[in-house]
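Numbering-wise, the sequence shown is residues 6 to 520 according to the working numbering.
Right, one structure below, let's go through it.
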Amino acid sequence: MSFISVSPLTLVLGGVVAILACVVLLVHLRSRSAKKGQNFKSLPGPRGLPVLGASHIIGRFKNHWDAFSALRKQYGDIYGVTLGSRRCVVVSNMAFIKEVLVAKCHEFANRPDFLRFHAIFRGDRNLSIALCDWSDKQKVRREMAFPFMHPRVSTLDGSRMNNIIMFELQQLVSSLSKVQNQSLLTRPFLLITTANIFYQYICSKRFSENDATFLKTVEIYDLVFRELFQGYAIDFMPWLKMFNGQRLQELKDLAKNVSKVTESVIKEHEHGIDHNKPRDLVDIYLSYLKDNENNKESSLTQEDVDVIIEDLIGGHSVLGNLWLWGLYLLAANPEVRKNIREEVARVTCGVRAPSMEDRKNMPYTEATTLELLRVIASPIIPHVATTDTNINGYKIEKNTMVMFNTFDINMDPQLWNEPRKFEPLRFVNSSGNVFKPDYFIPFGAGKRTCLGDGLVKATLFLGLSTLLQNFEITLPEGFPEPDMYDIPGLVVPRSEIRLVFRRLESEQSTMICMS
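Structure, rendered in structure tokens:
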């Protein structure tokens, strides 16, 4: 065997080339690393334990909002926390929140992949319009629904929304009048009202208050709503499914019952639909399916439509619980009730019910709805990073879940004067007009804002003004007042709230108007 001879000069040149190649490779790798965010700052945050992450730290507190607030004091406005096997980031600064929701919305467009979400939505959370990852399909179905769910007051849809809400509120007034002066469990009355508002506006379907199937559906929606706004260990440690499979199956069974009702309502539409004159959102989606039935590139299916409608109608549970909390707070604030009642009387002279047209002339009532949303706002659904990115220079890896500590922002004394005080006038400026600061986003921001916020705000405004026009609302004797230091920022009342409704004479409103 012989060896190839190599001159010293060749060895030197070869060494130089090898060194240059290594330098080029290192520069390239560092460039790629920088693009992936390796030069960004690392997030502060508590150290976790194997398997549990920092779940044991969160578990020490009464609720996760208290935990987030405590960790904020220690680590700042943005910090990382591992919960089980999931990387999470908690953001408590409005500038950072808007960076996620607006400026970098495409980089944080997905949702958490929780087993509960799949269980509720037929085994695939991407069928949901609220809990899906972002996709072309999601873009299409949101664009179709958004104008319908946010109509101007002067449009046909706006007028229809107003009339439906006013009609259902008169039914509620009638029902409450029959049980006045009693310590009343109020939640069922409000949920029935909000459910019929959503069903009528979205599906042109109204149910009787005595319909057993309807009442069961409303109850199930409320149970599912509570599930969605709770945090469970199984969300962050999916392996716990082997111990909690029964609960997931229960959720699937509950959701199936709701689906049957939704599919039945949609089926009714197919018989009387005029594809050139859609009556409601169901008609809009069914017409789209018909127009694209031979289009292989169309992304929507009948199942998509069924779940979209089911999902949007579920917003009535959010509204019903928010409304209940609001009435509870107003029952403990007689001065606020008095101011709303006087404003309603001045606008209506006691001879008609308030309408959405009155909203512009009722700044105090409008401000009260905003104050309720500040105090009782539901949390913004977490977002998930679609790619390696950053928040304010802090490295965020793909699939990291971002949670928004809006409760801290809504109760920050540097942003709000006496934040633990219920004060609607904080939303009224010196000119007497309603003012919303840019750090107040009760329905989120960016391309994934709540689709049902228009219907929620309209019903809340008319609901408060109509009920206070007709009733004095107080707490039963001995019933505890709401604790402004203990409201967790969630729309789910933790115990049954009782209220007393006493019917007012119409002459009282007329006297206020005349004065």
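Even glycine gets a Cβ: it sits at the ideal position worked out from N, Cα and C.
Candidates 410, 434, 170: closest to residue 69 by CA position: 410
Residue 198, buried or exposed, once every other Cβ within 10 Å from all chains shown has been counted against 16: buried
Close beta carbons around residue 458, own chain, < 6 Å, minus the five adjacent residues each side: Cβ neighbours of residue 458 beyond the five flanking positions: 448.
Continuous beta strand (DSSP E) stretch holding residue 93: start and end: 91–96
Residue 352 burial status per 10 Å Cβ neighbour count (16 or more: buried): buried
Close Cβ partners of residue 480 (< 6 Å) along its chain, the five nearest in sequence each way excluded: Here the set comprises 336.
Expected contact under 8 Å - CB spacing of residue 240 and residue 119 to nearest Å: 5 Å
Alpha-carbon spacing of residue 231 relative to residue 124, whole angstroms: 14 Å
Local Cβ density within 10 Å of residue 422, reported as buried at 16 or more and exposed below that: Counting Cβ neighbours within 10 Å, residue 422 comes out exposed, since fewer than 16 surround it.
Contact the region 434–450 vs the region 311–331: 3+ CB pairs below 8 Å: no
Inter-residue CB distance, residue 206 and residue 166 (contact presumed, cutoff 8 Å): 6 Å
Neighbour-count burial assignment, residue 501, 16 or more Cβ in a 10 Å radius: exposed
Under the three-state DSSP convention, the category residue 510 falls into: coil
Identity of the residue in 466, 83, 64 nearest residue 395 by Cα: 83
Terminal residues of the alpha helix (DSSP H) in which residue 369 lies: Segment 368–381, the alpha helix (DSSP H) holding residue 369.
N-terminal and C-terminal residue of the beta strand (DSSP E) that residue 478 is part of: 476–479
Residue 361 vs residue 260 beta-carbon contact at 8 Å: no
Stretch-stretch touch, CB-based, cutoff 8 Å, three pairs: the region 428–448 with the region 150–159: no
Local conformation of residue 189 per DSSP, three classes: strand
Residue 408 (DSSP reduced to helix, strand or coil): Reduced to three states, the DSSP call for residue 408 is strand.
Beta-bridge pairing of residue 399 - partner residues as DSSP gives them: 46, 396
Nearest-angstrom Cβ-Cβ length linking residue 355 and residue 465, presumed shorter than 8 Å: Contact flag wrong, Cβ pair sits at about 22 Å.
Presumed contact (8 Å Cβ cut-off) between residue 452 and residue 110, rounded CB distance: At roughly 5 Å, the Cβ-Cβ gap stays under 8 Å, so residue 452 and residue 110 are in contact.
C-alpha gap between residue 18 and residue 47, whole angstroms: Note that residue 18 scores 39 on pLDDT, short of 50, meaning its location in the model is unreliable and no value can be drawn from it.
Own chain partners of residue 369 with C-beta closer than 8 Å, once the 5 adjacent residues on each side are dropped: 344, 345, 348, 429, 430, 433
When 178, 393, 387, 415 are compared against residue 509, the one with the closest alpha-carbon: 178
Segment contact flag, the region 207–221 with the region 268–283, C-beta cutoff 8 Å, min 3 pairs: yes
Exposed unless 16 or more other CB atoms sit within 10 angstroms - verdict on residue 276: exposed
Spatially closest choice to residue 485 from 504, 154, 300, by CA coordinates: Considering only alpha carbons, the answer is 504.
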